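Novice: Residue numbers (the working numbering): 58 to 415.
Note that the Cβ used here is the ideal one computed from N, Cα and C, for glycine as well.
Just so we're clear, the structure is a prediction, and the values are computed from it rather than from any experiment.
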């Protein structure tokens, strides 16, 4: 019985033994050249060359491939990718790895620069890791792609019925001055508008007393207006106003003065005076806690977006009555609740049951 033992040619054995001896002499502990503080460029290149030689001999041992058939570029590229992954996010450290890779991948031109750096004894500035000389890389924060939420739009929902709208009228009066000093007010014009600001009644009124101040720069009233044939008597005007506001809610600004000059009374729960409604009033700076009425011009600009009583122009009673109605409509819901609460409180104090409908 014969046993065949494969034998390796002596030439191959000699070659493999030489490769192993070379590995033992060349193999060194792998150290990252990027962790070194400065140093010459030749030291970095030697470490890179040694690692390439180790990789080549390992592949020769495992696969029995001749050294001349292994592409050197593939091992260099692997080293580049590995160093980039390790140095990712470390700022200026990547600069050193890139320069060392470029020096190791050169075909002879880098040896001249390395010898020049050795002869000088100091490494170039772009290869050092000194924090003073290395460029500072600013981190740019990415803008969030989330869009800002739009602010909600508050819409005023008017739930007033057509019947309720007919129950509201706004009034405004223009006056002239009588007496020796012109301080006594007399009615010269009166205007009423409906819920939408449409004129219901607008007329000039004859003045029985002697007018000493027409107040034309404010009221726009002249002697032709009160002495014309279109002007009606005070008694006729007062009767017409009483018929129009009977059983209705009267809206206005400073209604106390208007009712005084008209010589009429109206129930308090049916009056909506923007000069006396507390949420529309302002605090007195001299005496805290005391509320003062605001001008109709200011209220109309804030709550009704109306520009009235322009400086240098005369007032219009129809325009002022319309502005008072629009201000009331902007505050109607809370205003009506406050009136209902006052009515209930009044009825409890009087011990009676209210049959009043607002």
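In or out: residue 316 buried (at least 16 other Cβ within 10 Å) or exposed?
Specialist: By the 10 Å Cβ count, residue 316 comes out buried.
Novice: Would you check if the segment 246-257 and the segment 372-380 touch, i.e. whether three or more CB-CB distances between them fall below 8 Å?
Specialist: Touching, yes.
Novice: Measure the Cβ-Cβ separation of residue 269 and residue 235 and say whether it is below 8 Å.
Specialist: Contact: yes.
Novice: Hey, out of 384, 286, 294, whose CA is closest to residue 337's CA?
Specialist: Of the candidates 384, 286, 294, the one whose C-alpha sits nearest the C-alpha of residue 337 is 384.
Novice: Under a three-way DSSP split, which group does residue 222 fall into?
Specialist: In the structure shown, residue 222 sits in a helix (DSSP, three-state: H, G or I).
Novice: With a threshold of 16 other CB atoms inside 10 Å of the CB of residue 374, please say whether the residue is buried or exposed.
Specialist: Residue 374 is buried by the Cβ-count criterion.
Novice: Looking at the structure shown, is residue 398 part of a helix, part of a strand, or coil, going by DSSP?
Specialist: Helix at residue 398.
Novice: Helix, strand or coil: which one does DSSP assign to residue 229?
Specialist: Three-state result, residue 229: strand.
Novice: Assuming contact is defined by CB atoms lying nearer than 8 Å, are residue 350 and residue 333 in contact in what I supplied?
Specialist: It is a contact, given that the beta carbons lie within the stated cut-off.
Novice: Got a sec? Which residues, its chain only, sit under 8 Å from residue 318 by beta carbon, not counting five neighbours each side?
Specialist: Closer than 8 Å at Cβ, skipping near neighbours: 230, 232, 242, 243, 244.
Novice: How big is the Cα-Cα spacing for residue 274 and residue 360?
Specialist: In a straight line, the C-alpha of residue 274 is about 26 Å away from that of residue 360.
Novice: Have a look at 407, 216, 400 and flag the residue whose alpha-carbon is nearest the alpha-carbon of residue 326.
Specialist: The shortest Cα separation from residue 326 among 407, 216, 400 belongs to 400.
Novice: Please classify residue 398: is it buried, with 16 or more other beta-carbons within 10 angstroms of its beta-carbon, or exposed?
Specialist: It is exposed - the Cβ of residue 398 has fewer than 16 other Cβ atoms within 10 Å.
Novice: Output the distance between the C-alpha atoms of residue 222 and residue 365, rounded to the nearest integer angstrom.
Specialist: Going by the C-alpha atoms only, they are around 24 Å apart.
Novice: Going by CA-CA distance only, name the one from 228, 390, 283 that's closest to residue 311.
Specialist: It is 228 whose Cα lies nearest to the Cα of residue 311.
Novice: If you draw a straight line from the alpha carbon of residue 396 to that of residue 306, how long is it in whole angstroms?
Specialist: Answer to the nearest angstrom: the Cα atoms are 12 Å apart.
Novice: Restricting to Cα atoms, I'd like to know which of 262, 250, 367, 387 is closest to residue 282.
Specialist: Minimum Cα distance to residue 282 is reached at 262.
Novice: For residue 308, which three-state DSSP category applies?
Specialist: Strand.
Novice: Going by DSSP, which residues form a beta bridge with residue 316?
Specialist: Answer is none; residue 316 lacks a bridge partner.
Novice: Closest by CA to residue 260, which one among 249, 267, 309?
Specialist: Comparing Cα positions, the closest option is 249.
Novice: Could you tell me if residue 408 is buried or exposed, where buried requires 16 or more neighbouring beta carbons within 10 angstroms of its beta carbon?
Specialist: With fewer than 16 other Cβ atoms within 10 Å, it is exposed.
Novice: Cβ of residue 371 within 8 Å of Cβ of residue 276?
Specialist: Their beta carbons are under 8 Å apart, which means residue 371 touches residue 276 by this criterion.
Novice: Output the boundary residues of the alpha helix (DSSP H) element that contains residue 328.
Specialist: Note, residue 328: premise wrong, no alpha helix (DSSP H); beta strand (DSSP E) at 328-330.
Novice: Alpha carbon to alpha carbon, how far is residue 215 from residue 388?
Specialist: Each residue's alpha carbon lies about 11 Å from the other.
Novice: Could you please give the first and the last residue of the uninterrupted beta strand (DSSP E) stretch that includes residue 242?
Specialist: 241-250 is the span of the beta strand (DSSP E), which, as asked, contains residue 242.
Novice: Taking 8 Å as the cut-off, decide whether the C-beta atoms of residue 328 and residue 298 are in contact.
Specialist: The answer is no: Cβ separation not under 8 Å.
Novice: Checking 8 Å against the spacing of the C-beta atoms, do residue 356 and residue 331 come in under that value?
Specialist: Yes, the Cβ-Cβ distance between residue 356 and residue 331 is below 8 Å.
Novice: Taking its Cβ as the centre, do 16 or more other Cβ atoms sit within 10 Å of residue 97, making it buried, or is it exposed?
Specialist: Low per-residue confidence applies at residue 97: pLDDT is 49, beneath 50, and the placement is therefore not dependable, though the value from the model is reported in the following sentence. Counting Cβ neighbours within 10 Å, residue 97 comes out buried, since at least 16 surround it.
Novice: Could you tell me the alpha carbon to alpha carbon distance between residue 225 and residue 324, rounded to whole angstroms?
Specialist: Whole-angstrom Cα-Cα distance: 14 Å.
Novice: Please classify residue 220: is it buried, with 16 or more other beta-carbons within 10 angstroms of its beta-carbon, or exposed?
Specialist: Exposed is the call here.
Novice: Between which residues of its own chain and residue 267 is the CB-CB distance below 7 Å, once the five residues before and five after are set aside?
Specialist: Closer than 7 Å at Cβ, skipping near neighbours: 235.
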